[in-house]
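Q: Protein chains in written order, with the working numbering: chain A, 5 to 222; chain B, 26 to 400; chain C, 5 to 373; chain D, 3 to 175; chain E, 616 to 1058. C-beta atoms are modelled at their ideal positions from N, C-alpha and C, and glycine is treated no differently.
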Amino acid sequence: MALILLRRPYGWEPMDLLIQIIFGLLAALIIGAAMMVVTVRNVIHAALWLIASFFAVAALYLTLEAEFIAIVQVLVYVGAISILILFAIMLTRSSEGERLLTKHWWAAALISLGLFGAVLLPTLIGHTWNIPLPTGPVDAPETLSGVEDIGRGFVNEFVIHFEVAGILLTVALIGAIVIAFEERSRRRRVLTLSEEHILRQRQQATAERVSAVADAAD
Amino acid sequence: MTTETQHGSVIVMDRRRGKLRAGQGLLQGLRVVWDHWAGSFRKNDNFSKIHGTFTVEYPEERLPMPQAYRNMPVLLFDDESGHELCTGCYQCQRICPPQVIHITQAKDPVTGKMVPAATEFIIEYDACMSCGFCAEVCPFDSIKMDHVYELSTANRASLTMRKAQLNRSISYYTGIAPGLWAEVQAGAMKKLQGSIKRRPDVIGLAASLTEKIKARRLELAAAAAAAPAAAAVSAPAAPAAPAAKLTPEEKAAKLAAMKAANANKGAAPAPAEAPVALSPADAKAAKLAAIKAANANKGAAPAPAEAPVALSPADAKAAKLAAIKAANAAKQAEAAPVSVETAVATAPLDAKAARLAAIKAANAAKLAAEQGNNE
Amino acid sequence: MLKTEELQINIGPQHPSTHGVFRMLVTVDGETVTDLKPVFGYLHRNHEQIAEVNTYLQNMPYTDRLDYFNAMANNHAYAMAVEKLVGIEVPERAEYIRVLMVELTRILNHAGALGFLINDMGAWQTQLAFGMREREKILDLFESVSGARLMCNYFRFGGVARDLTADFMPRLKDLLVAMPAFIDEMERLLRENEILLQRSEGIGILPKDLALAYSVTGPVLRGSGVAYDIRRAEPYSIYDRLDFDVPVGSVGDVYDRILVRIEEMRQSKRIIEQVIAQLPDAQGGHINPKARQNVRPPVGDVYARVETPKGELGFYLVSDGSSRPYRYKVRAPSFINLTPLGDMCRGYKVADMVVILGSIDIVMGEVDR
Amino acid sequence: MPNVSADDLRVRLGRALPGVVQEVYPLKVAPPPAQGHAPAAFVTGDTLVDAARVVDAALYLRDVLGYAYLSDICVVDYLTDGIFEVVYRFYNVEGGPSLALKVRVPRENPVVPSLTPDWPGANFHEREAFDLYGITFVGHPYLHRIYMWDEFEGFPMRKDFPKQGDKYIGEDE
Amino acid sequence: MQDVVNQVINTSFGWGWPSWAIALIGYLIVAALLFGIAPFQMLFLTLYERRAIARMQDRIGPNRVGPEGMFQPLADGVKIFTKEDIVPTAADQWVHFIAPCVVVAPTMFMFAVLPWGPGMVPVDMNLGLLFFFAISSVSAVGLMMAGWASSNKFALVGAMRAVAQMVSYEIPAVLSLLAIVLVTGSLSIVELINYQGGLFISTRDVASVPDWGLGWFIFSPVGFLAFIAFFIAALAEGERTPFDIPEADSEIVAGYMTEYSGMKFGLFYLAQYVLNFLLCAITSIIFFGGWQGPGVGWLYAQAITPVNPQGGWVFNVLAGVLGVFYFLTKTYGFFFVMVWIRGAYARLRIDQLMDFGWKFLIPLTLVNIFSAAIWVGLTKWGAADGLAFVEGWSPLVRWAAAFGVTLALNLGAYLFLARIFAQSQDERARQDDDVLEQLTNVA
């Protein structure tokens, strides 16, 4: 990747600046998009902002050289989850919602800030700043991001987790299918002309049979 | 499963159920399309082939128009004389399904009577449906269907065609539909011969007129005896034709001459000199001359209007007009001997025109004579 | 639970697949059609009223405009009606020429109709282009005899307008050489194509007895399994002298209609071959090009019908003894074949609806009149 | 099934359904006065039936005689006689010529029972007749205008419908 | 590209620019190049398609603007640019505006991992294939936006169909590629191409095979079935006949594009054709060796590469030209197949499309993955992996055994599934007898 190449030791200073700028832009985009998600009135717009936020997060992963995670973020969140959200919203059909920033918005803001601080503060406090930057060649890229490692991890180390997740997903899938079938069977079936015709013929035949039986009884 | 009937049977279409469908049909379809693709690199204009490009690249290449092709009616006129074949008979106007033909018939400027020509002929091309009925009914073969199809315009009003825009020469029409024009000629010839055979003396006259003419003829015979001299003036015109067996045209010409001569009967000789030598294209000139002659005679002392018109083969109209005018002039002058010398060369193409001229001349002469008699 | 809501959509009057200005007011539940109301009249010009103002002959070119695909067949029906009313005999040669033209019309109509049907199924015009190619050849022939490709105006009361031109027969024979290849190719493209089978099998079924009750005609009726062909049931013109088979379907779905149309093209070709073989015998006869331009039929009424490619086209004429018809009614096959559309589409998907409409093969000029 | 002629039909229909068949009386079809000849009398050769019982007659044709195919329904406006004539045309699927049933209703109150419940194919024919002539078909499931728009006034195929001048022209242009 | 830029700037001019600047310039140049190539591909492909399909229909096609109609796409472009841009009043203005961009952008991204020739890849990502498909799924968002923002029923239905189709056909596409990935053991597109040297048999499977650049995957049963499945899925992804349901003009006018005009419509068009090009390109790369072909490998071995710095630059050029030639020939060949299919077939119905994808294509690709596993086992594994019986077989015999087994398996699976699928479709087409019976009893 480009950024790996940029990390070559000669001239890291401008490279670092570039990374910083990119990070800043991405962070701004993520936060801005996330803010838009909760503030816009139109639900579809909110979903679209969410997608933008997802995408920016994927880009952020790239700057961290986690290619696989980045690509999977795009594939799963942007390509699938967001579509699911959009579908859900469109099917429920009420895209214009109430504006959720009520007059007590400051309370909400306070709570969020508090929670955010609760997470961030220990990090800020516990972090050791001013570590001297490494000199000399950079380490080989981290191996965890490799697909192969993830694959091996799935079938060796984390096989139970993997299997459980797989079973969970399968169960969810089967459940969805069952629900869909139930719904389909309950739906009013529109008879086609020929089906209606055959039905009428059969009913007539039954009626005749019944009347014949009645006649015979008489 | 088939059921026999008298001619052929009833086939129940085979739906080919139960065949394994694993994509063979799709491959077959691909094969068909491939054959067309592979075959499309040569051109094909042969009806018996289904492969090859059939495109006609329109502005450069054009399909040959079949002769029968019809798109928008036009009026025909004779190339050499400019004689318009239309007589303004209203047949086309009457049959036109969308009613887009509007005719104004020509009037004689002197008498105000209708003459067999159209002064204005309007066809609304924008509403015309090119059904071709007008061309079919036209008894004078003057309205024909054109082959021009690039008529689109942004200006709808420009599609109201007047006579000047509708006029096409006969040679133009023979260019686009030689076979059809040959048919027209053959048909006209046949008709003419038929009618001459049937009634050699009243060519082309309406049946209602023949009785009148018969009656007139008797009177005329009596009158002719009274004035042999006057008749003799114009007599030499007729014998000019070969005596043995007259062709229809000659007969027509003779008849015209006779009628004209009859008109002069009982008139005092008062020569109004109007020697007009007609060049082939001088139809107008002839007409003018005739009018001039008529004007000269009008209200003047009786003067013989001498109009020796040497007609070229295609000058039927000119002859016709001249005859009419001369006749009118004679009538006006009450007794002006007019001798119309019509030497019509026999050309099959002009049979009709000549015949028409003859008829018109005859009619005019008859009218004149009648009037002359009455007074 | 997701509840689906019924939705009303207008397909047409401006829509790529409505074969003209035709509107279908469709109620859909999801993708399933629950109700369909055909709405038309956008091309209504009161043709029948116009015809009452015109003379009998003047109506001839207007019949071309009914079903502009099959002008010759329309001419035939109208000419037959007037001839029946007045009592005009048609010379033999003219009859043969008429049948020749009408059967050519049938081929060109089916070639086009199949192409449009496959287009409605979403093909990108290849089948249509092949059909149009053959159609163009036939139109060339029409043009050479009648002077126009579509608005032929070729039939006259008691004959036809013009005799065949000298180059007509050789060209027709060339065309007949190409015809089997074309029909076989069409069959190879359509008959076993899995996609087409999926799109047409079991779609738009019109059962046999319902087809009769719905008064549908032509390939739609025969596709439902009723072997009713007017050429056979009530032979007119010279059809009683010609051998041909009547193809019928067995299920009555779109696929059967396709098969019937393909087979009808074959049969038409067979008829044309017979006409060519028998035509020289009729050479002596004339064709009455300008016969009876101004007819004045006696007081009475008449109904004459022919089997056009789309079905039974009938003309009901009432004469009051004048030169204009007192009543002039067109029984248009496209119009009546539309009657079961709403019922036929019920229960199928929206995409099928388009195909069912295509399989009926309507021409709006005839529906709206 | 053997074909039935029109005269035969009249006899058989009269026997099977007494009172349905009506006596045919001549109609005065009047040409426009401009054409200047006397109105001619028109005596139809087809079977004239009672308007109220046309469905019975039609069912007889279908079920007994086998004329199951309803080909055409046509209305003729006989203005001078003050009637509308509705012509039903039936065919036998086996082949052969048609049988026509004719029904005459007064122009002032044209009401005919509908055939649509028994012949769905009569649907559009009857709607067309309603649209263009204003004949009410009792029992028709959806008797609306078919060609003209719903707001249109008048029945354009009637002989007394004004041929010239249109109040709708000028609104659009 | 960096090498060239470095050569020019630092060696020729001697400016001594830092590496990151060189890299940046190199990437920028490549990006600009690709950005120019993408619309060019679209222009070319539209003309190509129109001409090819015209030939199939016995026509000539556009041949008026320029020689052989060469400038017809430009004329169309000018027309589209100058057209009025209409936005419906009821539309969501911003979403309506952004949607085409969201659709186009991913297709441009996808060029980043596309190798054009030997050593000619913008970015050799070791997750290239995954990146390719991850990015391609983003355009579904754009389609959704377009359909929703137009506030038109046809557009919305079209968008729904498009998204449903894209999402469900991504599965067979990825599954069929999974088989290939299993065989190669890599997600890198470059690695995939390198794998395909050889002559009908890949040199990686049997090392003794001469390297003519013809060891394509298409010659193995696994690859062939994967190719069929992938190409069908690619047709669906690219919204090509017989899967052009989202824009089925006979049903829903133009799908999500209904309310677009002018350049926005042009952008959709651009996205579609560029996507088609990319799908054809990726098909040719994965199954037909991309730039692999007779001569390229040898030429590239003589060229200046990191492995071989002593090579001649002439060979660089020759290998590049030949490689790009092979690659483009194959790609346009596949586009021709797309056009060919478009010329021959009708369109499926949406439910039939779903049926086909889920009931036929996905089982087939799953079987193919199984085949691929067998292939890998028979050609690569040994006693250490638990396959003792293959020990001692020559590579050719192992390859032959793998070929035979997978061929039998795949063919059997295909015929079996085809029969089952045809039967299920047949039953759908027929009267649903059970339902009728049920209804009769109820009534």
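Per DSSP, residue 104(D) forms a beta bridge with which residues?
A: In DSSP, residue 104(D) forms a bridge with 50(D) and 89(D).
Q: Pull up the distance between the alpha-carbon of residue 635(E) and that of residue 807(E), whole angstroms please.
A: 29 Å
Q: With burial defined as no fewer than 16 other Cβ atoms inside 10 Å of the residue's Cβ, what is the status of residue 239(B): buried or exposed?
A: The C-beta of residue 239(B) has fewer than 16 other C-beta atoms within 10 Å across all chains shown, which makes the residue exposed.
Q: What did DSSP end up calling residue 43(D) once you bin it into helix, strand or coil?
A: strand
Q: Starting from residue 116(A), trace the alpha helix (DSSP H) both ways and give me its first and last residue.
A: 109 to 130
Q: Are the beta-carbon atoms belonging to residue 162(B) and residue 120(B) less than 8 Å from one another?
A: yes
Q: I want to know whether the segment 652 to 660 of chain E touches the segment 888 to 897 of chain E - three or more CB-CB distances under 8 Å.
A: yes
Q: Name, in chain order, the residues that DSSP records as bridge partners for residue 240(B).
A: Here residue 240(B) is not bridged, per DSSP, to any residue.
Q: Can you give, in chain order, each stretch of the alpha helix (DSSP H) that sits fully within the segment 141 to 206 of chain B and has at least 4 residues?
A: 158 to 162, 188 to 191 and 195 to 201
Q: Out of curiosity, what's the CA-to-CA distance linking residue 975(E) and residue 1014(E)?
A: 28 Å
Q: Residue 1078(E) touches chain B at which residues, Cβ-Cβ below 8 Å?
A: Nothing about residue 1078(E) can be read from this structure; chain E reaches only from 616 to 1058.
Q: Could you give the distance in angstroms between the alpha-carbon of residue 844(E) and the alpha-carbon of residue 981(E)?
A: 11 Å
Q: How many angstroms separate the CA atom of residue 849(E) from the CA atom of residue 972(E)?
A: 12 Å
Q: Across the segment 252 to 270 of chain C and the segment 218 to 237 of chain C, are there enough close Cβ pairs to call them in contact, namely three or more that are closer than 8 Å?
A: yes
Q: If you follow the beta strand (DSSP E) that residue 153(C) is part of, which residue opens it and which one closes it?
A: Unbroken run through residue 153(C): none, as it is neither H nor E.
Q: Among all the DSSP beta bridges, which residues are the ones paired with residue 10(C)?
A: 33(C)
Q: Note down, in chain order, all residues in the segment 196 to 212 of chain C with a beta-carbon under 9 Å from any beta-carbon belonging to chain G.
A: Within the model displayed, chain G is absent; protein chains A, B, C, D and E are what it includes.
Q: Let me know the secondary structure DSSP gives residue 606(E) once reduced to three states.
A: Nothing about residue 606(E) can be reported from this structure: the residues present for chain E run from 616 to 1058 only.
Q: Would you say residue 118(C) faces chain B, with C-beta separation under 8 Å as the test?
A: no
Q: Find the nearest neighbour of residue 182(B) within the set 129(B), 88(B) and 150(B), judged by alpha-carbon distance.
A: For residue 182(B), the closest C-alpha among the options 129(B), 88(B) and 150(B) is that of 150(B).
Q: Helix, strand or coil for residue 130(B), going by three-state DSSP, please let me know.
A: strand
Q: Threshold first: 4 residues or longer. Then list the alpha helix (DSSP H) segments lying entirely within the segment 928 to 978 of chain E, N to C.
A: 928 to 959 and 965 to 970
Q: At a Cβ threshold of 8 Å, is residue 147(A) touching chain C?
A: Residue confidence for residue 147(A) is low, a pLDDT of 46 falling below 50, so the modelled location carries little weight; the figure read from the coordinates is stated next. Under the 8 Å criterion on CB atoms, residue 147(A) is classed as non-interfacial with respect to chain C.
Q: Quick check on the burial criterion: 16 or more other C-beta atoms within 10 angstroms. Buried or exposed for residue 717(E)?
A: buried
Q: At the level of alpha carbons, what is the spacing between residue 614(E) and residue 754(E)?
A: The structure shown does not extend to residue 614(E), since chain E is modelled only from 616 to 1058, so the question has no answer here.
Q: What does the Cβ neighbour count give for residue 171(B), buried or exposed, with the cut at 16 atoms within 10 Å?
A: buried
Q: Quick one, which of 277(C), 318(C) and 326(C) has its alpha-carbon nearest residue 301(C)'s?
A: 326(C)
Q: Tell me the rounded alpha-carbon separation between residue 21(A) and residue 785(E).
A: 39 Å
Q: Tell me the rounded alpha-carbon separation between residue 52(C) and residue 706(E).
A: 45 Å
Q: Cβ closer than 8 Å: which chain E residues qualify as neighbours of residue 353(C)?
A: 964, 965 and 966
Q: Distance cutoff 8 Å, beta carbons only. Does residue 163(A) sit that close to anything in chain C?
A: no
Q: Can you check whether the C-beta of residue 169(C) is within less than 8 Å of a C-beta belonging to chain A?
A: It does not; no Cβ of chain A falls within 8 Å.
Q: If you drop the 5 nearest sequence neighbours on each side, which residues of the same chain put their C-beta closer than 7 Å to that of residue 1027(E)?
A: none
Q: Measure from the C-beta of residue 49(D) to each C-beta in chain C and report whether the shortest distance is under 8 Å.
A: Not closer than 8 Å to any Cβ of chain C, the Cβ of residue 49(D) fails to qualify, so no.
Q: Going along chain A in order, which residues have a C-beta closer than 9 Å to the C-beta of residue 357(C)?
A: Those do not exist, as residue 357(C) stays about 12 Å from chain A at its closest Cβ, beyond 9 Å.
Q: Pull the bridge partners of residue 99(B) from the DSSP assignment, please.
A: 169(B)
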